[in-house]
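Number of protein chains: 2
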Amino acid sequence: MKIQKQPTQDIFDDLCSDAVELDQLVSQMKDLMVEYVNESRKSGALVVEYKPPEELETLIDLDLTYTGVGISGLMPLLHNVLRYSVNTWNPKFMDKLYAGTNPVGIITEMLITLLNANSHVYHVSPVLTLMENHVSEKLARLLGMGEKSGGITCPGGAFSNQLAMLTARNHMFPEIKTKGYYNFGKRLMLFTSDAGHYSIEKTAMTLGLGIDSIVKVSCDDQGRMRPDELERSIIKSLERKETPFFVNATVGTTVLGAFDPLREIGKVAKRYNLWFHVDGSWGGSLIFSDKHKHMIDGSSLADTFVLNPHKLLGTPLQCSFLLASDRQIFQQSNSLGAKYLFHDNKYDLGDGTVGCGRRPDAIKLFIGWKIFGIIGYKQRIEHAFKMAGYLTNLIKNNNRFKMVLETPPSLQICFWYIPKGMEFYGQDEIEKESNKFQIWKEKLSLVTKGIHKKLQERGRFLFDYSPFELNGKELPLFFRVVINAPSINEHHLDELVKEVEMIGEGILEYLEKNNKFQNGLSLENQITNENHSMNGNGHVGDHRASGRTNGNSSNSNGISNGLHHIEHGY
Amino acid sequence: MKIQKQPTQDIFDDLCSDAVELDQLVSQMKDLMVEYVNESRKSGALVVEYKPPEELETLIDLDLTYTGVGISGLMPLLHNVLRYSVNTWNPKFMDKLYAGTNPVGIITEMLITLLNANSHVYHVSPVLTLMENHVSEKLARLLGMGEKSGGITCPGGAFSNQLAMLTARNHMFPEIKTKGYYNFGKRLMLFTSDAGHYSIEKTAMTLGLGIDSIVKVSCDDQGRMRPDELERSIIKSLERKETPFFVNATVGTTVLGAFDPLREIGKVAKRYNLWFHVDGSWGGSLIFSDKHKHMIDGSSLADTFVLNPHKLLGTPLQCSFLLASDRQIFQQSNSLGAKYLFHDNKYDLGDGTVGCGRRPDAIKLFIGWKIFGIIGYKQRIEHAFKMAGYLTNLIKNNNRFKMVLETPPSLQICFWYIPKGMEFYGQDEIEKESNKFQIWKEKLSLVTKGIHKKLQERGRFLFDYSPFELNGKELPLFFRVVINAPSINEHHLDELVKEVEMIGEGILEYLEKNNKFQNGLSLENQITNENHSMNGNGHVGDHRASGRTNGNSSNSNGISNGLHHIEHGY
């Protein structure tokens, strides 16, 4: 602990000088920010100077003391935080479904902090409440959800999905609100694809339905939920005397970026009177592009729809909307308040959620929309698709690379690097579970991980690798590059391919020399113990496959309780 | 829609100039902020220029268009937002359990936004993850929670309470994670005081336990949960063959600021092997003050403990920690991931929650602590208590005022204004449910609401009024002033008393003239239709009493299923 003459005493006494201090600190912070953003755009700028946790702990001062270091210690501390953090302003940050934000986003967050605003009740956040109501309604109308539609924000897509399922359950079975499931008797079932987000599982777990209540509907060979399989699954569930109540469709799956066919799925859901929820955390934003919005055709059928502007629209994290065809449904379903006290549901937004205090996240979209207009978002989206097309072409025309899906559904470009000396097997062959293919898959997975490790060490690009089951067959680990940031240009993508080629050159020899595998079989433990980022934990948090949970598997047709976890950057 | 030559086109093309734009905008924003803070501290500054929603909608431009107004429209928009928002920098904002933040808080939020950071997995937020781990452990150790203790942040206290109960349930009954409650058979029961926060009820509802699973333990005449009543309630529940599993104690209740006796309650919880959770959202921060930390003595017994630095420590909203005696419990209980992938629970924080993306809220406390030290927070807390004492004395020595509790438990000063011509009845008399006292109560409640309406219109102070049941008896509505901001001084409190006196002078005549009551009985509907802020919705979101829900009331001793909802500004 440093010995100092209690600098905090001065800080405390000087509260009247908050404005003076703010002036000085924001000036300093401005310089730091501008330099940081400038550096991030320079050629050769690192996305991250990556350090494993044990090493990083020695490089930053984590000491928290009785006395405090005083205001003069603030800027040096921030410098150090920035130095070892991931720079999302760098266009080569392509690791998550969000990218960096923009100056308008920064200013909006400064406004929120200045206000220290809490948008749970109108009387403490009047303007922000109106803006939230207004932008939610506008968004829901764009999605075609009807005249009574509207919504609210939640702290991230996972919480939006949770509130959607809770709202559905409370609306359809209000007795559960008071009595719980005790003696309820019905076996509630819900349906999602095996490529849907893991927050659906966490929600089923949280709500006390249990993950066994989830029917994983199988996908087609492009990773989209099959409506015919959905209907079959519902019928089977009814035959088992269960109570199907909820369908989750995903537009923009985490790994492949696939879009479930909403119209067909919505029709099936309605046919059986199920709640139709759409997780459009990633793809819902396409509503802003005339050119691409056909991909979410059928959004008008949704009872609830999640859309995260913090992903494709570049608003600061977090900004997640839960929209409903009936904007009053949240209060009606989730309030525990006395009706005689809450006559007008429109202005006290906290009452419809399970939270209390709320950050006014909606104004990040409100202000962005006001400034950029729909046209600004449309251009951003269309630029991303253009760049995704460019990268796809680069990869298709390079015989060291192989696309996972020949035509990527949206903005995730998934591919393998195939080193010289390795052949590539088509999907039909991959599906053969013979020993030969098992060995081949493991080897290719090791190649992916080996290259990824080097990529991360070099720090020029940050994108992830992923396990995946397509049509129930496990693919070798592959790279997933997310195209999102408007600062990405052709040059960055040329570089990306060169970077992978450069590292990939000689990767087989490297792996062999370092005893990573023998006869094509991995010696996984050796790798695991070597580097945190590679043991499937520090790294894989973003995507993990598990078919081995304790789920009481019911193997009847159309039901898979073996979980396939996919996390993404909500 | 304004016709413009597509300003967004330029914005979009100019992405390389993000740094230039940031420089300009942050400069402008800095000036706006400094002016705003300066104004807020001037004598006579308004806390809010209050407008009801219908009027406000006409005063701000809510139009969202195709084209967008472009960057030049940003600052005028922000000016307008600030003008009609509540100014929390003003020391006379005493409405919620949070106050304004401070320059260090502002800078920290700017850092978070600059990074656009997401602290769900280590590899995209290495520094912030270490800081979260470190500050959580330090906090838990301060609370005496032991060597294995630590924690994580959640988006607000309500979500922290939810995650605590979920963790308890999943840990004690892991089969619910997969099978849900279907055929579970046990009737899980939880215990909280009738002054506890409503998020406990929302959680019981969300988790599928139902609000009937809540036993409301009665309080003593100072609003504290009675340990003997808790034990009696648990025994009764066991006799009914239920399965008690969870006790929530509150340190710093929403309305009165009462502190449940943690040590005694903890001992009862342990005696019956119940999970001992403490909602210290408000009062947990007292751990930073040697002088006041005795009020949370027994925190070391907690299995989980919620502490919101965004309240008493002035970090920006939101910052809520959920601490546990075993820091690994969150992952162990809540992960659905495969164990073989998650060897080391310490660095991928998202896995232990039900969310996915996470704002790195923990660094708001980390950086504040680093700069101010424990001593800075201690001084802040002790100043607040000093000011609370000062206001208490003012009120006690003024015969127009009457304290609700003669000695306020902490920082909420709750009182009535008694107009000339009205007597005041002691609690014994209030408890008599005769017609005379009923009329008197309604009249005094109308006085409180009438004064509050004028207070809000004048906008010089913002503090709230509240309904409350003490010892099962409904009190007349009273004022609740929250002392928190370090900028509060004696002068502001003198003014507060004068402001109420000034408005209170002649309030009876005013109410009578405006036909608000006849023979002492209120004509509630007239008031309800007159002003949104007074109809119990726009206003009362922060505190509502309801003994009239559909709960399957079991009236055996110690159990009250009639809900008493208290919301506060988590």
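These protein sequence lines map, in sequence, to chains D and C. Going letter by letter, the first sequence gives residues 1 to 570 in UniProt numbering. Going letter by letter, the second sequence gives residues 1 to 570 in UniProt numbering. Each residue gets a CB set at the ideal place from its N, CA and C atoms; glycine is no exception. Quantities reported herein were computed from a predicted structural model and do not represent experimental measurements.
Can you give me the start and stop residues for the alpha helix (DSSP H) that residue i sits inside?
i                 : result
Arg458 of chain C : Asn435 to Arg458
Trp369 of chain D : Ala362 to Lys396
Met165 of chain D : Gly157 to Met172
Leu207 of chain C : Neither: Leu207 of chain C is in no alpha helix (DSSP H) and is coded neither H nor E.
Phe276 of chain C : Careful: Phe276 of chain C lies outside any alpha helix (DSSP H), inside the beta strand (DSSP E) at Trp275 to Asp279.
Distance check for residue j and residue i, CA to CA, integer angstroms please.
i                 : j                 : result
Phe173 of chain C : Gly185 of chain D : 19 Å
Ser17 of chain D  : Ser285 of chain C : 25 Å
Val20 of chain D  : Pro103 of chain C : 9 Å
Tyr66 of chain D  : Thr206 of chain D : 39 Å
Thr254 of chain C : Arg169 of chain D : 29 Å
Lys346 of chain D : Leu394 of chain D : 51 Å
Leu209 of chain C : Leu188 of chain C : 7 Å
Arg224 of chain D : Ser199 of chain D : 18 Å
Arg226 of chain D : Leu32 of chain C  : 54 Å
Cys219 of chain C : Ile371 of chain D : 53 Å
Lys177 of chain C : Asn183 of chain C : 13 Å
Glu229 of chain D : Ala195 of chain D : 14 Å
Tyr417 of chain C : Ser325 of chain C : 45 Å
Lys402 of chain C : Pro261 of chain C : 26 Å
Pro476 of chain D : Lys236 of chain D : 33 Å
Tyr390 of chain C : Glu490 of chain C : 7 Å
Thr353 of chain C : Phe330 of chain C : 7 Å
Val251 of chain C : Val278 of chain C : 7 Å
Using a 10 Å radius around the Cβ and a threshold of 16 neighbouring Cβ atoms, would you call residue i buried or exposed?
i                 : result
Ser213 of chain D : buried
Gly357 of chain D : buried
Met502 of chain D : exposed
Pro316 of chain D : buried
Glu55 of chain C  : exposed
Thr448 of chain C : buried
Asn525 of chain D : With a pLDDT of 38 at Asn525 of chain D, under the threshold of 50, the modelled position of that residue is not reliable, and no figure is offered here.
Arg271 of chain C : exposed
Ser43 of chain D  : exposed
Pro409 of chain C : buried
Ser193 of chain D : buried
Pro76 of chain C  : exposed
His292 of chain D : buried
Arg480 of chain C : buried
Asn116 of chain D : buried
Leu238 of chain D : exposed
Thr167 of chain D : buried
Check whether the Cβ of residue i lies closer than 8 Å to any heavy atom of the ligand ADP, and answer yes or no.
i                 : result
Thr129 of chain C : Ligands displayed in this structure: none; no statement on the ligand ADP is therefore possible.
Need the endpoints of the beta strand (DSSP E) that residue i sits in, please.
i                 : result
Val481 of chain C : Lys473 to Val482
Ala249 of chain C : Thr243 to Thr250
Glu49 of chain C  : Here Glu49 of chain C belongs to no beta strand (DSSP E), and DSSP marks it neither H nor E.
Leu312 of chain D : First-last for Leu312 of chain D: Pro309 to Leu312, but that is the alpha helix (DSSP H), not the beta strand (DSSP E).
Ala324 of chain C : Ser320 to Ala324
So with CB distances below 7 Å, who are the chain B contacts of residue i?
i                 : result
Lys202 of chain C : Given the protein chain composition of this structure (D and C), no chain B is represented.
When the Cβ atoms of the stretch 83-90 of chain C are set against those of the stretch 56-66 of chain D, are three or more pairs found closer than 8 Å?
Taking 8 Å as the limit for Cβ pairs, the verdict is that the stretch 56-66 of chain D does not touch the stretch 83-90 of chain C.
Please list, in chain order, the residues of the stretch 23-44 of chain C that have any C-beta partner in chain D closer than 7 Å.
Asp23, Leu25, Val26, Ser27, Met29, Lys30, Met33, Val34, Tyr36, Val37, Asn38 and Arg41
Is it a yes or a no for the stretch 63-72 of chain C touching the stretch 436-445 of chain C, going by three-plus beta-carbon pairs under 8 Å?
No: the two stretches stay apart, fewer than three of their Cβ pairs being nearer than 8 Å.
Assess, as a yes-or-no matter, whether the stretch 379-393 of chain D is touched by the stretch 288-299 of chain D under the definition of 3 or more beta carbon pairs within less than 8 Å.
yes
Taking three-plus beta-carbon pairs below 8 Å as touching, is the stretch 197-206 of chain C in contact with the stretch 296-309 of chain C?
Two segments are said to touch when three or more pairs of C-beta atoms, one from each, lie closer than 8 Å; by this definition the stretch 197-206 of chain C does not touch the stretch 296-309 of chain C.
Three or more beta-carbon pairs under 8 Å between the stretch 236-243 of chain C and the stretch 156-170 of chain C, yes or no?
no
Flag this pair as touching only if the stretch 483-494 of chain D and the stretch 109-118 of chain D have three or more C-beta atom pairs under 8 Å; answer yes or no.
no
Residues within the stretch 211-243 of chain C neighbouring chain D, beta-carbon criterion of under 8 Å
Ile211, Asp212 and Ser213
Against chain C: residues of the stretch 143-161 of chain D by CB proximity under 7 Å:
Pro155, Gly156, Gly157, Ala158 and Phe159
Evaluate the contact criterion for the stretch 458-472 of chain C versus the stretch 505-515 of chain C: three or more CB pairs, one atom per stretch, below 8 Å.
At 8 Å Cβ cutoff, the stretches do not touch.
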